[in-house]
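For reference, the structure discussed in these notes is given below.
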Amino acid sequence: MPPRRLLRPLAYLWALPNTALGLLFLLPVLATGGRVRAERGAVELYGGFARFFLRRCLLVRASALCLGHVILGQDRASLDHARDHEHVHVRQYERWGPLMLPLYFLSSFKAWRRGGHFYFDNRFEREAYGLDG
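In structure tokens:
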């Protein structure tokens, strides 16, 4: 097995379609007074349009959201609080690559169809909250 550091570029490449989707937020966030920083191998975007999007454009109000190696946060405190959780999602994107978003939505749908909560009973969220495994 090759050393882990040699496989890291492949993990970034496999997650790249989702990361590219996340990077579409970069200019709107910066243009509306938001900030960007790198943390633990991911790009964090917070404030400005990221805050608006997380509060107003999703089915639920979220403090943070992960798209590949991009994590959106309402503000820096939200990112600090959610960082470990969101980095579980980063690893999920590295594992599932371009399949991650369809699988995530399918898991939400299946949870809802079983009578559960579309978010809290989603298998990816359960893993990120440390409830499975």
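If you read the sequence shown in our numbering, its first letter stands for residue 20, the second for the next number, and so on.
Positions of the beta carbon are idealized from the N, C-alpha and C atoms, including for glycine.
Would you tell me roughly how many angstroms separate the C-alpha atoms of Arg75 and Gly92, rounded to the nearest one?
One C-alpha to the other measures close to 13 Å.
Taking contact to mean 3 or more Cβ pairs, one atom from each stretch, closer than 8 Å, check whether the stretch 67-84 and the stretch 110-119 are in contact.
no
Helix, strand or coil: which one does DSSP assign to Ala61?
strand
Assuming the contact rule is C-beta atoms closer than 8 Å, His15 and Phe143 should be a hit. Round their C-beta distance to whole Å, please.
Residue 15 is absent from the structure shown; the chain starts at 20 and stops at 152.
Judging by CA-CA distance, which residue of Asp99, His88, Phe128 and Gly134 is the nearest neighbour of Leu2?
A question about residue 2 goes unanswered here, because the residues of the chain that appear run from 20 up to 152.
If we ignore side chains and look at the alpha-carbon of each, how far apart do Phe44 and Val79 end up?
When rounded, the distance between both Cα atoms is 19 Å.
Go ahead and label Gly53 buried or exposed: buried means 16 or more other beta carbons lie within 10 angstroms of its beta carbon, across all protein chains shown.
With 16 or more neighbouring CB atoms inside 10 Å of its own CB, Gly53 falls in the buried class.
For the alpha helix (DSSP H) that Ala30 lies in, which residues bound it at each end?
DSSP places Ala30 in the uninterrupted alpha helix (DSSP H) bounded by Arg23 to Leu42.
Beta-carbon within less than 8 Å of Gly135's beta-carbon, same chain only, minus the 5 sequence neighbours each way: which residues are those?
none
Count the other CB atoms, across all protein chains shown, that sit within 10 Å of the CB of Gly149; report buried if there are 16 or more and exposed otherwise.
Counting Cβ neighbours within 10 Å, Gly149 comes out exposed, since fewer than 16 surround it.
Under the assumption that Ala147 contacts His104 (Cβ atoms under 8 Å), give the Cβ distance between them as a whole number of angstroms.
5 Å
Pick out whichever of Leu32, Arg56 and Leu64 has its Cα sitting closest to the Cα of Pro47.
Of the candidates Leu32, Arg56 and Leu64, the one whose C-alpha sits nearest the C-alpha of Pro47 is Leu64.
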